[in-house]
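Under my numbering, the final residue of the sequence shown carries the number 224; numbering is consecutive throughout. Ideal Cβ placement from N, Cα and C applies to all residues, glycine included. Taking it in order: structure first as structure tokens, then the write-up.
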Amino acid sequence: MEGKSLRMLGESAHWDQKLPQDGPWKFFCLTITLMLLLLVLILGVVLAEVLQFFNQMQEELKQLDIKFVQGLADAGHKRDMMWGEVFRQIEALRAGNESSCEPCLENWMAFQGSCYLFSTQSQDWFEAKDHCAKKGAHLVIINSQAEQKFLRSEENTVYWIGLKKQYPKGIYKWQDGSAPTFINWPDTTSSDNDCVFIEKSGFWFSGMCQVSWYYWICEKPQVC
1 MEGKSLRMLG
11 ESAHWDQKLP
21 QDGPWKFFCL
31 TITLMLLLLV
41 LILGVVLAEV
51 LQFFNQMQEE
61 LKQLDIKFVQ
71 GLADAGHKRD
81 MMWGEVFRQI
91 EALRAGNESS
101 CEPCLENWMA
111 FQGSCYLFST
121 QSQDWFEAKD
131 HCAKKGAHLV
141 IINSQAEQKF
151 LRSEENTVYW
161 IGLKKQYPKG
171 IYKWQDGSAP
181 TFINWPDTTS
191 SDNDCVFIEK
201 SGFWFSGMCQ
211 VSWYYWICEK
221 PQVC
């Protein structure tokens, strides 16, 4: 019995010699843990700096966008002011030119350097032409969309104008012999007749010159 106990004690001592000591292992584990904590701390600091840098860049880009948009708005405002000043100068010049012209006679209307008379009675084209000539004028010659709009804004009836077919070529010309530079025929017009009148719609139509139920418009230069 005593021999068996001695043998067991010997084996226990043998195993105790094989097991590692707790001291070095604890130090190693503690070192690893501290290193991991330090690494996490470093990564946290780096990540915070990266996020701060990213936020700063976003803010700078936002400020640049705001400055760019503001610059465009300022440039547009300056452009509008310049154009406004140009138009004001043009209007002032135009007003000065018109004010230096003599006013049109009674019942005549002024527009862009001409005086216009809208008749209050109807006649055929030839009689209308003679009536204008007696007043030192001619049947109206329409040279622009602006003039056309002015003529239609004043009355709501049908008027002879100074456009007539000239022979032998059969070409429409104004009373002064010039060819039209502006026309307002409807798309479906058939210019078979000789004399031209302006309808209520503003479109031009040709009719028989002897028709005597149209009014007329005389035009003459404004004296400046």
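Beta-carbon proximity check, residue i vs residue j, cutoff 8 angstroms
{"i": "residue 161", "j": "residue 139", "result": "yes"}
{"i": "residue 185", "j": "residue 204", "result": "yes"}
{"i": "residue 176", "j": "residue 141", "result": "yes"}
{"i": "residue 210", "j": "residue 101", "result": "no"}
{"i": "residue 104", "j": "residue 115", "result": "yes"}
{"i": "residue 218", "j": "residue 151", "result": "no"}
{"i": "residue 158", "j": "residue 129", "result": "no"}
{"i": "residue 212", "j": "residue 123", "result": "yes"}
{"i": "residue 137", "j": "residue 220", "result": "yes"}
Residue closest to residue i, alpha-carbon to alpha-carbon, out of the options
{"i": "residue 207", "options": "104, 126, 144 and 132", "result": "126"}
{"i": "residue 192", "options": "202, 200, 166 and 182", "result": "166"}
{"i": "residue 196", "options": "143, 114 and 163", "result": "163"}
{"i": "residue 112", "options": "35, 129 and 146", "result": "146"}
{"i": "residue 228", "options": "48, 143 and 32", "result": "The shown model of the chain, from 1 to 224, leaves out residue 228, and the question about it has no answer."}
{"i": "residue 107", "options": "82, 135 and 70", "result": "135"}
Cβ-based burial, residue i [other Cβ within 10 Å; buried from 16]
{"i": "residue 119", "result": "buried"}
{"i": "residue 67", "result": "exposed"}
{"i": "residue 148", "result": "buried"}
{"i": "residue 198", "result": "buried"}
{"i": "residue 179", "result": "exposed"}
{"i": "residue 75", "result": "exposed"}
{"i": "residue 25", "result": "exposed"}
{"i": "residue 48", "result": "exposed"}
{"i": "residue 174", "result": "buried"}
{"i": "residue 8", "result": "Confidence is the limiting factor: at residue 8 the pLDDT is only 48, short of 50, which leaves the residue's position unreliable, though a coordinate-based value still follows. Residue 8 is exposed by the Cβ-count criterion."}
Heavy atom of the ligand GTP within 7 angstroms of residue i beta-carbon
{"i": "residue 143", "result": "Although the ligand GTP was asked about, the structure shown includes no ligands whatsoever."}
Taking only runs that begin and end inside the segment 125 to 211, name each unbroken alpha helix (DSSP H) of 4 or more residues, in chain order. Here the runs fully enclosed are 125 to 134 and 145 to 154.
Length-filtered (4 minimum) alpha helix (DSSP H) runs lying within the segment 15 to 76: Counting only unbroken stretches of 4 or more residues, no alpha helix (DSSP H) element lies wholly within the segment 15 to 76.
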